[in-house]
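**Q** Just passing along the structure, written as structure tokens.
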């Protein structure tokens, strides 16, 4: 596969090694068949002669689709070319450039999904014919974990810088805001008071920005507790009721009859749900609806918050989680980024957003449920 030659591991059976018994072969075949690693064996003509269950799972092909067929079926163009060259060179020279290495490459499943993988090869010669066995490992989860660790390290370093900057900036802002409000109470001229009011409002906006930056980039330990989701969502509806009524927005809550509990940071999740309802409320200009729904799905609870506002074009959806990107006149551009980070700090959770121009926006949050009776 891609760069196979750089990762070829050659093994030859010893000439004085005794033939394996049928029982030993059966045990070996069972072990290879049931391992979690994908085993793919081809002959020197590139025909697949063995494709275990793990290979079926990783690549999405059944063995019936591949046994007796060319390996090219599961190889990309670049992988295919490199693989053919490496096999041909070995057949000719019996001398690979490097021995004992595992190679990483990018490949695809039957459904077209691209994923990272690693492969190592062994070669056996039986009655004058060569057979190549590749052991393939799906690196999707490994790469995701590496990226998560790298992201955490970057956020930790950035969080320290943000904390120092926030501290240095916030004190002067507090003084500017305080003095402007004092002057507003003493000055009588409307023009001067109007300018001071602008100063005070901009100071508040900068303070919100600093708070959002701190929440986004400063690592924060979750203060977890058992949370009954239905009760928390009812509280969100109560807190946003007056603002929604003032904007002619109806909020509809639909929850499963059974109680669903999650182990989470109550204040953090409350902040997320409030922010999402606020976003939906502000997106609806001339009255509309916000739907809040929770339902159990296996070991998770799915919470969706949907509005029937104008929605967003696809080009904006690609940027929606980028820090400082906003479609609001007075927004900081950090609300969704902070909300996504808070949710994803909870193990096994997810935060997704979909929007259709002219039809509205839907945010879906998935959280793992817990047993309410356990301490």
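Numbering (this note's numbering), first residue to last: 2 to 376.
Backbone N, C-alpha and C fix where the C-beta goes; we use that ideal spot for every residue, glycine too.
Predicted, not measured: the structure shown is a model, and the values here were computed from it.
Quick check: the region 115-135 against the region 36-50, are there 3 or more CB pairs under 8 Å?
**A** Yes, they touch.
**Q** Exposed or buried, what is residue 340 when buried is set at 16 or more other beta-carbons lying within 10 Å of its beta-carbon?
**A** Buried is the label assigned to residue 340, since at least 16 other Cβ atoms lie within 10 Å of its Cβ.
**Q** Looking at the structure shown, is residue 100 part of a helix, part of a strand, or coil, going by DSSP?
**A** Because the pLDDT of residue 100 is 44, which lies under 50, any placement of that residue in the model is unreliable, and the number read from its coordinates should be weighed accordingly. In this structure, residue 100 counts as coil in the three-state DSSP scheme.
**Q** Examine the Cβ distances between the region 104-116 and the region 72-88 and report whether three or more of them are shorter than 8 Å.
**A** yes
**Q** Comparing C-alpha positions only, which one of 234, 235 and 269 sits nearest to residue 222?
**A** 269
**Q** Do you know offhand how far residue 370's Cα is from residue 349's?
**A** C-alpha separation (whole angstroms): 10 Å.
**Q** Can you tell me where the beta strand (DSSP E) holding residue 292 begins and where it ends?
**A** 289-298
**Q** Tell me whether residue 384 is buried or exposed, calling it buried when 16 or more other Cβ atoms sit within 10 Å of its Cβ.
**A** The chain is shown from 2 up to 376; residue 384 falls before or after that span and cannot be answered.
**Q** CB-CB under 8 Å to residue 311, same chain, minus the five flanking residues each way: which ones, in chain order?
**A** The answer, listed in chain order, is 284, 286, 358, 359 and 361.
**Q** For residue 357, report the span of its alpha helix (DSSP H) as first-last.
**A** Per DSSP, residue 357 is not a residue of any alpha helix (DSSP H); the beta strand (DSSP E) it occupies stretches across 351-357.
**Q** So, under 8 Å CB-CB, residue 336 and residue 309 are touching, yes? Tell me the CB distance rounded to an integer number of Å.
**A** Contact between residue 336 and residue 309 does not hold, since their C-beta atoms are separated by about 20 Å, which reaches or exceeds 8 Å.
**Q** Would you mind stating whether residue 182 and residue 188 have Cβ atoms separated by less than 8 Å?
**A** no
**Q** Just tell me which of 230, 342 and 247 has its CA closest to the CA of residue 301.
**A** 230
**Q** In terms of alpha-carbon separation, which member of 23, 120, 264 and 352 lies closest to residue 139?
**A** 120
**Q** Are the CB atoms of residue 274 and residue 211 within a distance shorter than 8 Å?
**A** Note that the C-beta distance between residue 211 and residue 274 is not below 8 Å.
**Q** Have a look at 257, 316 and 342 and flag the residue whose alpha-carbon is nearest the alpha-carbon of residue 266.
**A** 342
**Q** Is DSSP giving residue 251 helix, strand or coil here?
**A** strand
**Q** Jot down the residue ranges of each uninterrupted beta strand (DSSP E) in the region 15-80, minimum 3 residues, whole runs only, in chain order.
**A** 39-44 and 49-52
**Q** With a cut-off of 8 Å on the beta carbons, I'd call residue 365 and residue 303 a contact; round off their distance for me.
**A** 6 Å
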